[in-house]
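J.:
Residue numbers (the working numbering): 44 to 223.
(1) Along the chain, where does the alpha helix (DSSP H) containing residue 144 start, and where does it finish?
(2) Extract the residue ranges of the alpha helix (DSSP H) inside the region 107 to 170, only unbroken runs of 4 or more that lie entirely within it.
(3) Just how far apart, CA to CA, sit residue 189 and residue 120?
(4) Just how far apart, CA to CA, sit residue 157 and residue 194?
(5) Within 10 angstroms of the Cβ of residue 211, are there 16 or more other Cβ atoms? Answer buried if so, exposed if not.
(6) Taking only three categories from DSSP, how would you classify residue 185?
(7) Under 7 Å Cβ to Cβ from residue 63, same chain only, skipping five residues before and after it: list those, please.
(8) Apply the 10 Å Cβ neighbour rule to residue 198 and answer buried if 16 or more other Cβ atoms are within range, or exposed otherwise.
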């Protein structure tokens, strides 16, 4: 590559600067994408917060496929996750410290740790904390979202009612009024 002082046109220099700027922006974007998602505020919801973690990391061995299932443990159903398996339960509602699933996530013993190292999967500290908090909040399960009938949300109160022509306008206006 030529040294910068040998470029004859501003166009060539502009292209190089545009390329370098693009690389810098892309690098920053990748750092943002790699970060853990923000922690939910309020109660932890199984479908939104917990099911994706279990699905990505646990269901291959502890899911609906009885042929692939290990240790007779199902984590895709409340009944399976709370059943007594020889004096232990994967999930003890309200007690992460008694829940085998949580204890297996935090153990330092490689043979006991879940998911196993051989799976190539590993939960982030944020995901482990989310599971702990969900269990301690009562481990409330939900049916798969596809089987939950949708509910119409309550329309928010707005000051500028003269601007509202339909329910969507009311939601947009409420947000605009909220941010000023």
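Note that beta-carbon positions come from the ideal geometry of N, C-alpha and C, so glycine has one too.
T.: Straight from the coordinates:
(1) 143 to 149
(2) 121 to 125, 143 to 149
(3) 15 Å
(4) 37 Å
(5) exposed
(6) coil
(7) none
(8) exposed
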